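K.L.:
There are 2 protein chains.
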Amino acid sequence: MVKGQLDTPYVLVDLDKVEHNIASMQAVANRYGVRLRPHAKTHKTPELAHMQIAAGAIGITVAKLGEAEVMAAAGINDIMIAYPIVSEAKLARLVALARTAKLTVAVDSCEAAAALSRALAPSGATIDALVELDCGFGRVGVPRGEPLLRLARFVAGLAGLKLRGVLTFAGHAYEARGSEQLRAAAAQEGAAAAEAAAMCRAAGIAMETVSVGSTPSSRYAASCEGVTEIRPGAYLFGDLMQVDIGAHALTNCALTVLVTVVSRPAPDRAVIDAGTKLFTMDGNPTTLGTGRGWVIGHPGIALEWLTEEHGMLRLAPEEQRLRIGDRLEIVPVHCCGVISLTDEVAAVRGDRVESIWKVAARGQVR
Amino acid sequence: MVKGQLDTPYVLVDLDKVEHNIASMQAVANRYGVRLRPHAKTHKTPELAHMQIAAGAIGITVAKLGEAEVMAAAGINDIMIAYPIVSEAKLARLVALARTAKLTVAVDSCEAAAALSRALAPSGATIDALVELDCGFGRVGVPRGEPLLRLARFVAGLAGLKLRGVLTFAGHAYEARGSEQLRAAAAQEGAAAAEAAAMCRAAGIAMETVSVGSTPSSRYAASCEGVTEIRPGAYLFGDLMQVDIGAHALTNCALTVLVTVVSRPAPDRAVIDAGTKLFTMDGNPTTLGTGRGWVIGHPGIALEWLTEEHGMLRLAPEEQRLRIGDRLEIVPVHCCGVISLTDEVAAVRGDRVESIWKVAARGQVR
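Protein chains in written order, with numbering that gives the first Met the number 0: chain F, 0 to 365; chain B, 0 to 365.
1. Please list the partners that Cys334/B has in chain F, where partner means a Cβ-to-Cβ separation under 7 Å.
2. By a C-beta neighbour count over all protein chains shown, 10 Å radius and 16 as the cutoff for buried, is Arg361/B buried or exposed?
3. Is the beta carbon of Val226/B less than 8 Å from the beta carbon of Val27/B?
4. Kindly give me the distance between the Cβ atoms of Ala269/F and Val260/F, rounded to whole angstroms, as I take these residues to be in contact under 8 Å.
5. Is Leu47/F helix, strand or coil by DSSP?
6. For a quick check, are the C-beta atoms of Ala169/B and Gly135/B less than 8 Å apart?
7. Quick check on DSSP: helix, strand or coil for Pro83/F?
8. Quick check for students: name the residue ranges of the beta strand (DSSP E) that lie wholly in the region 82-146 of chain F, counting only runs of 3 or more.
9. Does Ala118/F come within less than 8 Å of chain B when only Cβ atoms are used?
10. Closest to Leu239/F by CA distance: which of Tyr173/F, Asp133/F, Ser23/F, Val104/F is it?
11. Closer than 8 Å is the cut-off here; do at least three beta carbon pairs connect the region 135-153 of chain B with the region 95-102 of chain B?
12. Near Glu318/F, which residues of its chain fall below 7 Å by C-beta distance, leaving aside the five closest residues on each side in sequence?
13. Contact between the region 76-93 of chain F and the region 10-20 of chain B: three or more CB pairs below 8 Å?
14. Per DSSP, what kind of secondary structure is Ile59/B in: helix, strand or coil?
15. Taking 8 Å as the cut-off, decide whether the C-beta atoms of Ala39/F and Glu66/F are in contact.
16. What residues from the region 81-93 of chain F come within 7 Å of chain B, judged by C-beta to C-beta, listed N to C?
17. So for Pro331/B, helix, strand or coil by DSSP?
18. Are the CB atoms of Pro37/F and Gly232/F nearer to each other than 8 Å?
19. With DSSP as the reference, label Pro264/F as helix, strand or coil.
20. Helix or strand or just coil, what does DSSP make of Glu343/F?
21. Taking Cβ positions only, does Ile323/B come closer than 8 Å to chain F?
22. Please tell me whether Ala56/B and Gln25/B are closer than 8 Å, where the distance is taken between their beta carbons.
23. For my contact list, Leu257/B and Glu328/B are in at a C-beta cut-off of 8 Å; report their separation, rounded to the angstrom.
24. From this set, Leu93/F, Ala22/F, Val294/F, Met0/F, which residue's C-alpha is nearest Arg365/F's C-alpha?
25. Just to confirm before moving on: does the CB-CB distance between Cys334/B and Phe236/B stay below 8 Å?
26. I need the DSSP call for Val294/F, collapsed to helix, strand or coil.
27. When you compare the CB positions of Leu162/B and Ala197/B, do they come within less than 8 Å of one another, or not?
28. Tell me the DSSP secondary structure of Ile75/B in three-state form.
29. Given that Asp350/B touches chain F, what residues does it touch there, using C-beta distances under 7 Å?
30. Would you verify that the beta carbon of Leu47/B is, or is not, closer than 8 Å to some beta carbon of chain F?
31. Any beta-carbon of chain B closer than 8 Å to the one on Leu132/F?
32. What does DSSP give as the partner residue(s) for Glu228/F in the beta ladder?
33. With Met311/B as the anchor, note down where its beta strand (DSSP E) starts and where it stops.
34. For Arg182/B, which residues from the same chain have a beta carbon less than 6 Å from its beta carbon, with the 5 sequence-adjacent residues on both sides left out?
35. On the criterion of 16 or more Cβ atoms from any shown chain inside 10 Å, does Pro385/F qualify as buried, or is it exposed?
36. For Leu5/F, name the three-state secondary structure that DSSP assigns.
Right, here's the structure in full:
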């Protein structure tokens with residue numbers, strides 16, 4: 000099958016670019032001797048997880064237990080759930096899943112850690128745990144210093160949990176622009192995590208894993224003293240958010256939305272068959288000046304605004320020969336958001352459609 | 000089953016409120032003698048479409064052909080596809096679907112109308128068509144006056160299409176605030192559509208349907224001279240966007256997200272287990288001052304910011320006893336966006352879960 004035979008809108012994954020992106024991040028990890036544990040929230044697709052692991056990733060990261068279940072069923076054996084597991088229903092599922100996959104769970108509270116331990120006790124199973132440090136993002140995680148040490152000490156003493164180290168997520172790296180700011184954000188993240196681990200070790204608590212995250216910071220954090228693992232997600236595809244930050248090249252953006260022009264209401268306006276229910280409203284319009292998308296091969300077209308199922312294009316004079324029925328390929332602002340709204344993607348190489356992949360872990364909200 | 004047995008996050012539909020909202024909009028339609036053809040993009044759920052029709056709706060509106068297919072398979076027989084149908088693949092599906100359901104299609108270009116006619120010709124089938132007027136929103140549709148008349152004349156002359164009238168969508172009514180501005184927006188919409196129909200009739204073209212849309216404008220547009228049909232969608236649930244506009248009462252918002260507190264990083268901060276991948280980033284934070292949600296029963300809690308799977312709450316002093324594991328019910332900014340991200344909803348009455356409904360038309364992006 001070729002691209003032209005796909006009806007629209009269709010989410011495309013360019014395999015040449017994906018392979019490049021996987022190899023590039025793996026090379027960073029290899030160069031600095033850290034483990035790469037990509038965040039699968041970006042793709043939710045077992046085939047892509049297997050490609051990441053085949054290239055050298057140690058396993059994957061997920062945010063939802065349901066994603067872990069889907070990935071484990073698809074043969075991914077080493078999974079970190081970088082999310083607090085709280086409800087009774089989830090604890091029961093986690094215990095069941097621990098029988099078939101090697102799990103690591105992030106904890107940022109004594110309550111959640113104790114509940115995990117209680118849930119695991121009857122089975123005699125043990126899973127790995129990391130304590131989560133807030134390195135400045137202000138989301139989950141405990142503050143550096145005493146609070147982190149107290150949590151680590153508590154987790155280290157719990158049956159059913161094997162404390163392996165510390166993780167953090169520098170979401171604030173998304174505020175950085177350009178390599179100097181990214182390097183600074185990553186250095187701060189890496190130093191905070193390494194310092195937390197060192198403090199625990201000084202207190203006699205073993206801490207082999209120092210895991211840091213985020214696509215913008217990973218390339219730089221990998222080289223930080225003490226860091227042992229990186230967890231980028233969006234690097235797999237890249238998107239305009241990463242391009243704006245300076246963390247991904249536009250030409251290497253691997254996920255696009257194939258769309259059709261369905262209306263030409265004015266010479267300088269066209270409407271395509273995808274809106275917020277595929278592109279999302281995540282993030283800001285790109286600083287490239289083309290709104291909520293980058294139309295490949297048409298720098299004079301801007302995806303100016305979106306409603307749920309319509310995308311409104313503004314056409315520069317040289318683009319005004321665009322006709323109803325014409326097809327365009329658009330790089331979105333946020334790839335992870337698009338993946339959550341499509342049941343399948345087409346894996347393409349050049350013009351050829353090599354596979355249709357089910358986004359098997361999409362919809363796993365719990 | 001009771002709500003307490005649902006794991007989180009779970010999207011809840013309050014049946015008492017849904018029934019109230021359905022009855023209320025149907026009463027408006029009945030009072031002014033117009034047809035109600037609700038937009039099913041809001042719910043994508045056949046059970047809810049059947050409730051709307053049982054209460055008096057003439058049929059439904061959809062944006063995607065795939066939604067029409069799912070709804071027709073579920074026994075909904077009168078479906079308007081308020082969207083240009085352009086690709087060859089969709090035209091073939093449309094012709095097939097026309098055998099099992101009474102279809103109406105919106106057209107806003109001679110190209111799309113001619114393609115429809117050509118596709119229908121071999122089967123000898125005829126479907127209803129409406130010409131789409133742009134009443135000022137600047138999305139799809141042709142301008143008033145000559146362009147609209149020219150399109151109507153063209154469509155009236157095509158085999159396979161039976162021109163029934165005109166439709167328009169006053170998306171700019173979303174800029175209105177309060178009943179006076181809504182009334183003005185609706186009056187402008189209704190007058191523009193009625194004027195277009197009158198102009199066509201004066202030229203000898205039959206125009207029985209004058210269909211106008213949008214939840215904010217429908218209650219007022221229903222009373223406009225010449226309007227025969229309203230197509231609101233979000234009225235079914237209501238959300239903070241509609242509350243801010245003044246088009247829905249907060250107490251009648253029927254769709255909520257049941258969530259659990261998973262982290263308590265600071266006395267005035269808590270984190271819940273849903274973020275943009277359920278709440279979306281559609282629309283603006285509510286003018287109620289509680290960010291991207293309204294936490295039922297807790298006016299002192301704001302859903303301050305979101306990442307993909309985390310929702311960050313800011314707690315007023317009186318809410319700071321909130322604990323990990325506590326559950327909250329949150330009205331979102333945009334109900335239609337939430338529906339696109341969940342595979343199922345729980346239909347609840349008070350504390351009782353009456354049904355789990357599959358959001359059967361979710362994921363029908365084509």
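C-beta: ideal position from N, C-alpha, C; glycine also. Predicted, not measured: the structure shown is a model, and the values here were computed from it.
P.N.:
Reading from the atomic positions:
1. The contacting residues do not exist; Cys334/B stays about 11 Å from chain F at best.
2. buried
3. no
4. 5 Å
5. helix
6. yes
7. coil
8. 101-106, 126-132
9. no
10. Tyr173/F
11. no
12. His297, Gly299, Ile300
13. no
14. strand
15. yes
16. Tyr82, Pro83, Val85, Ser86, Ala88, Lys89
17. strand
18. yes
19. strand
20. strand
21. yes
22. yes
23. 5 Å
24. Leu93/F
25. yes
26. strand
27. no
28. coil
29. Those do not exist, as Asp350/B stays about 18 Å from chain F at its closest Cβ, beyond 7 Å.
30. no
31. no
32. Arg34/F, Ser210/F
33. 310-314
34. Tyr219
35. Beyond the ends of chain F as shown, which are 0 and 365, falls residue 385/F; an answer cannot be given.
36. coil
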